[in-house]
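A.B. asks: Structure incoming, see below.
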Amino acid sequence: MKQIYLDNQSNTKMDDIVFDAMLPYLKENYGNPQSIYSLGQISKDAVEQARVSVAKLINAQSSEIIFTSCGSESNNLAIKGFAYANSKKGKHIIVSSIEHFSVLNSVKSLSAEGFEITYLPVDKEGFVKLEELEKSIRQDTILVSIQHANTEIGVIQNMQAISKIVKEKKIALHVDAVCTAGIIPVDVSSLNVDLLTLASSVIYGPKGAAALYVKKGTAIKTQIDGGVQEFSKRAGTENVPAIAGFGIACDIAMSEMQKNYEYIKVLRDKLIHGLKEKIQHIYLNGSVSARLPNNVNFSIEFVEGEALFLMLDAKGIMAASGSSCASKSLKMSHVLTALDVDTAVGQGSIVFTLSKFNTAEEIDYVIEEFPKIVERLRSMSPLYDHFIKTGSRMKAGPGTNYDDHDHEHCDNI
Numbered sequence: 199m200k201q202i203y204l205d206n207q208s209n210t211k212m213d214d215i216v217f218d219a220m221l222p223y224l225k226e227n228y229g230n231p232q233s234i235y236s237l238g239q240i241s242k243d244a245v246e247q248a249r250v251s252v253a254k255l256i257n258a259q260s261s262e263i264i265f266t267s268c269g270s271e272s273n274n275l276a277i278k279g280f281a282y283a284n285s286k287k288g289k290h291i292i293v294s295s296i297e298h299f300s301v302l303n304s305v306k307s308l309s310a311e312g313f314e315i316t317y318l319p320v321d322k323e324g325f326v327k328l329e330e331l332e333k334s335i336r337q338d339t340i341l342v343s344i345q346h347a348n349t350e351i352g353v354i355q356n357m358q359a360i361s362k363i364v365k366e367k368k369i370a371l372h373v374d375a376v377c378t379a380g381i382i383p384v385d386v387s388s389l390n391v392d393l394l395t396l397a398s399s400v401i402y403g404p405k406g407a408a409a410l411y412v413k414k415g416t417a418i419k420t421q422i423d424g425g426v427q428e429f430s431k432r433a434g435t436e437n438v439p440a441i442a443g444f445g446i447a448c449d450i451a452m453s454e455m456q457k458n459y460e461y462i463k464v465l466r467d468k469l470i471h472g473l474k475e476k477i478q479h480i481y482l483n484g485s486v487s488a489r490l491p492n493n494v495n496f497s498i499e500f501v502e503g504e505a506l507f508l509m510l511d512a513k514g515i516m517a518a519s520g521s522s523c524a525s526k527s528l529k530m531s532h533v534l535t536a537l538d539v540d541t542a543v544g545q546g547s548i549v550f551t552l553s554k555f556n557t558a559e560e561i562d563y564v565i566e567e568f569p570k571i572v573e574r575l576r577s578m579s580p581l582y583d584h585f586i587k588t589g590s591r592m593k594a595g596p597g598t599n600y601d602d603h604d605h606e607h608c609d610n611i
């Protein structure tokens, strides 16, 4: 049976060059980077070289890069670390309503400690409403945290406009760039951010390595107490093999970014057009023009989500239902809820995220098999049966009523 992996926002296959570069630090060069003997210094050199590579990817200084274990840890360190270090200046934080759970749950924890949180609404395509951002800023606002691009719908925010609003008020800005750093250009200087999260596992590097950019002069409080690692901001023995691999993955990303972007975008558009042509009552979620090159998010009407994924898996097609952190949940994602997607439609949503390792032949296979699965599921759906017989939809939840004219912008791709 074919195996087609289209969940690359959750994790990517490691590049062979990255794997080979990691091996010496798993076997021969296993010293602790904090040790002063030669074996330890070899490890330390590997960590510092990786720090330089990560910094180059986002146009930062190597001294501004703190290594962590994953994007979630970086987001926690950014938000909680900044909040605790700057609480005397104020206790108001602004985030968007479609942030990753590591951001949403971090501010939820802070709210239990006396911080006030404002959740910004988004429009039907997933863009933060800039006027709401401006209105939400208060004298006691200390931090704004906005994703560069959303993991689920792939919408790329207008970070320049967001940054301009935030910086005019002299407020700190954190950007979760896990979806974008290494996929599209990310420059901390031009974005004018104070904190930025990026991760290895979505740019063909290993799991277990991520980073937080902390602009020089930005105060954060360490969240893991211990030794002096990572400029005393993140204690714990460094994961040298993963960090070394992360650095190599950043080097490759810089050299391949434009080529990969163009290649993957062609596959993305092929998949969107192919499924739109073969399936009726299917709706693309998110922006068309400001979209990650690897993201396809469809809601399919008259289809039950869990059965959809089981049948896809039986055909060797691996995809996601939204954030990987919520993939076991049967309820509609918080992102589609924020977009005001109809509940009955949103529960039949699927996210395909592509990589440089996917092929046109794999996309053809999905375009061939996926409509058959939808047709089979609809044949068992009482909602679809009612629609065929009456021409009307049975209202199943709050939100938008979908018809053939909704999401007509999908055809512009």
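If you're matching positions, the sequence shown starts at 199 in the numbering used here and goes up one per residue.
Positions of the beta carbon are idealized from the N, C-alpha and C atoms, including for glycine.
Predicted, not measured: the structure shown is a model, and the values here were computed from it.
(1) For Leu204 and Val533, I'd like the C-alpha separation in whole angstroms.
(2) Measure from the alpha carbon of Leu187 to the alpha carbon of each residue in Ser531, Ile215, Ile344, then state which is nearest.
(3) In this structure, what does DSSP give as the bridge partners for Met516?
(4) Use the C-beta contact count for Met530: other C-beta atoms within 10 angstroms, 16 or more gives buried, fewer gives exposed.
(5) Which parts of the region 298 to 361 are runs of the alpha helix (DSSP H), unbroken and 4 residues or longer, counting only runs that do not cross its ends?
(6) Which first and last residues belong to the alpha helix (DSSP H) in which Leu473 is found?
(7) Kindly indicate which residue of Ile363, His346, Asn303 has the alpha-carbon position closest to the one of Thr688.
(8) Could you check which residue in Ile498, Ser307, Lys414, Thr535 has the C-alpha nearest to that of Phe568?
(9) Taking Cβ positions, are Met148 and Gly406 nearer each other than 7 Å?
(10) Just the Cα atoms here: how many angstroms apart are Asn556 and Ile515?
(11) Which of helix, strand or coil does DSSP assign to Asp374?
(12) How do the region 469 to 482 and the region 557 to 567 stand: do at least 3 beta-carbon pairs fall below 8 Å, yes or no?
(13) Below 8 Å CB to CB, which residues in the same chain sit around Val245 once its five sequence neighbours on both sides are set aside?
(14) Apart from the five residues on each side of it in sequence, which residues of its chain come closer than 6 Å, Cβ to Cβ, to Glu560?
(15) Using 8 Å as the Cβ pair cut-off and three pairs as the minimum, do the region 491 to 509 and the region 574 to 586 touch?
(16) Measure from the alpha carbon of Gln355 to the alpha carbon of each residue in Leu393, Ser294, Glu314, then state which is nearest.
(17) Short check: CB of Ile277 to CB of Ile315, under 7 Å?
(18) Verify whether the separation of the beta carbon atoms of Ile256 and Val386 is less than 7 Å.
(19) Using three-state DSSP, classify Ala433 as helix, strand or coil.
(20) Using a Cβ-Cβ cut-off of 7 Å (strictly less than) and excluding sequence neighbours within five positions of Asn273, which residues of its own chain qualify?
(21) Is it the case that the Cβ atoms of Gly403 and Ala248 are separated by a distance below 7 Å?
(22) Is Gly589 buried or exposed, if buried means 16 or more other CB atoms sit within 10 Å of its CB?
(23) Provide the residue(s) that pair with Ser547 in DSSP beta bridges, ordered along the chain.
(24) Helix, strand or coil for Ala276? Go by DSSP, reduced to three states.
(25) Indicate whether Val552 and Leu465 have their beta-carbon atoms separated by less than 7 Å.
(26) Do you know how far the Cα of Tyr317 is from the Cα of Ser260?
(27) DSSP beta-bridge partners for Ile412?
(28) Keeping to the same chain, check which residues put their C-beta closer than 8 Å to that of Ser267; ignore five residues upstream and five downstream.
(29) Counting only runs of 3+ residues fully inside the region 235 to 288, write out the beta strand (DSSP E) ranges in chain order.
(30) Based on Cα-Cα distance, which residue from Asp214, Ala283, Asp243 lies nearest to Tyr228?
(31) Taking DSSP as the reference, what is the three-state secondary structure of Arg591?
(32) What span of residues does the beta strand (DSSP E) with Ile292 cover, start to end?
(33) What does Tyr563 pair with, by DSSP beta-bridge criteria?
(34) Measuring only the C-alpha atoms, how far is Ile571 from Ile477?
(35) On a CA-only basis, which of Val494, Gln427, Ile381, Arg591 is nearest Ile450? Give me that one, please.
C.D. replies: Walking through what the data contain:
(1) Your numbering for residue 204 matches position 6 in the sequence shown. Your numbering for residue 533 matches position 335 in the sequence shown. Answer to the nearest angstrom: the Cα atoms are 20 Å apart.
(2) Only positions 199 to 611 of the chain appear in this structure, which leaves residue 187 out of reach.
(3) For the purposes of this step, residue 516 is taken as the residue at position 318 of the sequence shown. Note: Met516 sits in a beta bridge opposite Tyr203.
(4) Locating residue 530 in the sequence shown gives position 332, where the first residue counts as 1. So Met530 ends up on the buried side.
(5) 299 to 309, 328 to 334
(6) To locate residue 473, count along the sequence shown from 1; it is residue 275. Note, Leu473: alpha helix (DSSP H), 438 to 476.
(7) Lying before the first or after the last residue shown, residue 688 is absent from the chain, which here runs from 199 to 611.
(8) Your numbering for residue 568 matches position 370 in the sequence shown. Taking only the C-alpha atoms, the option nearest Phe568 is Ile498.
(9) One cannot answer for residue 148 here, as it falls past the ends of the chain, which runs 199 to 611.
(10) For the purposes of this step, residue 556 is taken as residue 358 along the sequence shown, with counting starting at 1. For the purposes of this step, residue 515 is taken as residue 317 along the sequence shown, with counting starting at 1. If I take the Cα positions, the gap works out to 12 Å.
(11) Locating residue 374 in the sequence shown gives position 176, counting from the first residue. Reduced to three states, the DSSP call for Asp374 is strand.
(12) yes
(13) Here residue 245 corresponds to residue number 47 of the sequence shown, with the count starting at 1. Correct list, in chain order: Pro231, Phe265, Glu436, Val438, Ile441, Ala442.
(14) The count along the sequence shown starts at 1 and reaches residue 560 at position 362. So the list reads Ile202, once near-sequence residues are dropped.
(15) yes
(16) Taking the first residue of the sequence shown as position 1, residue 355 is located at position 157. Of Leu393, Ser294, Glu314, the residue nearest in Cα terms is Ser294.
(17) Reading the sequence shown from its first residue, position 79 is the one you call residue 277. Reading the sequence shown from its first residue, position 117 is the one you call residue 315. In this structure, Ile315 does not lie closer than 7 Å to Ile277 by Cβ.
(18) Locating residue 256 in the sequence shown gives position 58, where the first residue counts as 1. Locating residue 386 in the sequence shown gives position 188, where the first residue counts as 1. For Ile256 and Val386, yes; Cβs fall inside 7 Å.
(19) In the sequence shown, counting from the first residue as 1, residue 433 sits at position 235. Note: Ala433 maps to coil in three-state DSSP.
(20) Taking the sequence shown and counting its residues from 1, the one referred to as residue 273 is at position 75. Once the five neighbours on either side are set aside, the close Cβ partners of Asn273 are His298, Ser300, Val301, Ser304, Asp374, Thr395.
(21) If you number the sequence shown from 1, residue 403 lands on position 205. If you number the sequence shown from 1, residue 248 lands on position 50. No; because the gap between Cβ atoms is not below 7 Å, this pair is not in contact.
(22) The residue given as residue 589 occupies position 391 in the sequence shown. So Gly589 ends up on the exposed side.
(23) Mapped onto the sequence shown, residue 547 falls at position 349. Ser497, per the DSSP bridge assignment.
(24) Numbered from 1 along the sequence shown, position 78 holds the residue referred to as residue 276. Of the three classes helix, strand and coil, the one that applies to Ala276 here is helix, per DSSP.
(25) Along the sequence shown, one-based indexing puts residue 552 at 354. Along the sequence shown, one-based indexing puts residue 465 at 267. According to the sequence as given, residue 552 is Leu; it is not Val. Going by C-beta atoms, Leu552 is nearer than 7 Å to Leu465.
(26) The residue given as residue 260 occupies position 62 in the sequence shown. The residue given as residue 317 occupies position 119 in the sequence shown. Distance between the alpha carbons of Ser260 and Tyr317: 33 Å.
(27) As a working mapping, residue 412 is identified with position 214 in the sequence shown. Just to set this straight, residue 412 is Val in the shown sequence, not Ile. DSSP, once it has assigned bridges, lists Leu393 as partnering Val412.
(28) Numbered from its first residue, the sequence shown carries residue 267 at position 69. Taken in chain order, the residues that qualify are Gly406, Ala407, Ala408, Asn437.
(29) 263 to 266
(30) Here residue 228 is taken as the residue at index 30 of the sequence shown, counted from 1. Closest option to Tyr228, Cα to Cα, is Asp243.
(31) For this step, residue 591 is matched to residue 393 along the sequence shown. It is coil, neither helix nor strand.
(32) Here the question's residue 292 lines up with position 94 in the sequence shown. Where Ile292 is concerned, the enclosing beta strand (DSSP E) stretches over 290 to 294.
(33) Here residue 563 is taken as the residue at index 365 of the sequence shown, counted from 1. BP columns for Tyr563 are empty, so no partner.
(34) In the sequence shown, the residue the question calls residue 571 occupies position 373. In the sequence shown, the residue the question calls residue 477 occupies position 279. Each residue's alpha carbon lies about 10 Å from the other.
(35) Residue numbering aside, residue 450 sits at position 252 when the sequence shown is read from its first letter. Taking only the C-alpha atoms, the option nearest Ile450 is Ile381.
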